[in-house]
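Chains as they are written, first to last, in the numbering used here: chain A, 1 to 113; chain B, 114 to 229.
Glycine residues also receive a C-beta, built at the ideal position from the N, C-alpha and C atoms.
Predicted model only: the values in this text are computed from it and were never measured.
These notes concern the structure reproduced below.
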Amino acid sequence: DAMVIQNPRYQVTQFGKPVTLSCSQTLNHNVMYWYQQKSSQAPKLLFHYYDKDFNNEADTPDNFQSRRPNTSFCFLDIRSPGLGDAAMYLCATSLRGGGETQYFGPGTRLLVL
Amino acid sequence: GNSVTQMEGPVTLSEEAFLTINCTYTATGYPSLFWYVQYPGEGLQLLLKATKADDKGSNKGFEATYRKETTSFHLEKGSVQVSDSAVYFCALSLPFQETSGSRLTFGEGTQLTVNP
């Protein structure tokens with residue numbers, strides 16, 4: 001089945017230690033998104049890629065970076081995690097011209113010690 | 114700006130009860146409307162969607178109708194089950210823009226608990 005995959009499902013890191021979360025998709029969608037979600041609040045968009053074009057949200061901290069080496073993969077890098085960055089990180093994809101529906105992965109829960 | 118307002122939760126029902134979760138929206142242009150469901154510890158799953166006025170989305174016994182005149186997209190189910198316990202998010206998106214993608218604007222989410 002076509003899907004969005006996130007690895008790992010759970011990630012523990014130390015305060016200030018860089019961490020990378022990964023997302024892959026078999027949907028061949030040209031748009032990929034990263035969201036941060038805290039405590040069952042609504043997800044907050046961090047940034048998205050349209051093909052290779054990166055679009056950062058204005059209020060996304062510089063501590064968060066992203067890479068998309070190819071259509072299938074997208075990475076979220078947190079350069080110096082703080083305690084406030086502990087959250088669920090959700091990857092989503094959509095197809096431009098495909099009805100604007102976003103499909104989400106299962107998420108990675110990040111714990112910062 | 115665009116916004117989505119959901120009924121406040123949490124909502125607690127007994128099994129086989131009727132469910133309504135209200136959702137209203139404000140948007141410029143012609144949004145698509147969505148309901149997503151999130152089970153504990155999981156990502157968001159698309160439950161149903163509607164892309165134009167008077168469309169009805171339906172899935173797994175859930176339904177919602179895109180009402181442009183009342184700017185609403187209320188979620189209903191005739192008989193809930195314990196397995197429906199989850200957080201439900203109403204959302205809208207507008208046509209794709211390169212700087213914002215198909216940006217989803219979410220409601221606050223409604224926690225539903227169904228007791229046996």
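A Cβ-Cβ contact shorter than 9 Å links residue 167 of chain B with residue 180 of chain B. Contacts with chain A (Cβ-Cβ distance below 8 Å) from the stretch 152-171 of chain B involve 154, 155, 156, 157, 158, 159, 162 and 164, listed in chain order.
Assignment of residue 76 of chain A by DSSP, reduced to helix, strand and coil, places it in the strand class. Taking all protein chains in view, the Cβ of residue 6 of chain A is crowded by 16 or more other Cβ atoms within 10 Å, so the residue is classified as buried.
In this model, residue 117 of chain B and residue 187 of chain B are separated by some 12 Å (Cα to Cα). In the three-state reduction of the DSSP assignment, residue 197 of chain B falls in the helix class. Taking all protein chains shown into account, residue 127 of chain B has fewer than 16 neighbouring C-beta atoms within 10 Å of its C-beta and is therefore exposed. Flagged as an interface residue toward chain B: residue 104 of chain A, by a C-beta distance shorter than 9 Å. Linking residue 119 of chain B to residue 143 of chain B through their CA atoms gives a straight-line distance of about 19 Å.
Cβ proximity to chain B below 8 Å picks out 43, 45, 48, 50 and 53 from the stretch 43-54 of chain A.
Shown here, residue 53 of chain A sits in a strand according to DSSP, grouped into three states. Under the criterion of beta carbons closer than 8 Å, residue 18 of chain A and residue 80 of chain A qualify as touching, at roughly 7 Å. Within a 10 Å sphere around the beta-carbon of residue 10 of chain A sit fewer than 16 other beta-carbons, which makes this residue exposed. For residue 67 of chain A, there are no neighbours in chain B by C-beta distance under 7 Å, as the nearest C-beta there is about 17 Å away. The three-state reading of DSSP puts residue 84 of chain A in helix, counting H, G and I together. If you check the CB distance, residue 174 of chain B and residue 162 of chain B do not come in under 9 Å. Spatial neighbours of residue 87 of chain A in its own chain (CB-CB distance under 7 Å, excluding positions within 5 residues in sequence) are listed in chain order as 36, 37, 38 and 110. Listed along chain A, the residues sitting closer than 8 Å to residue 208 of chain B by beta-carbon distance are 100.
Chain-ordered, the chain B residues with CB closer than 8 Å to the CB of residue 90 of chain A read 156 and 157. For residue 12 of chain A, the nearest beta carbon of chain B is not closer than 9 Å to its own beta carbon.
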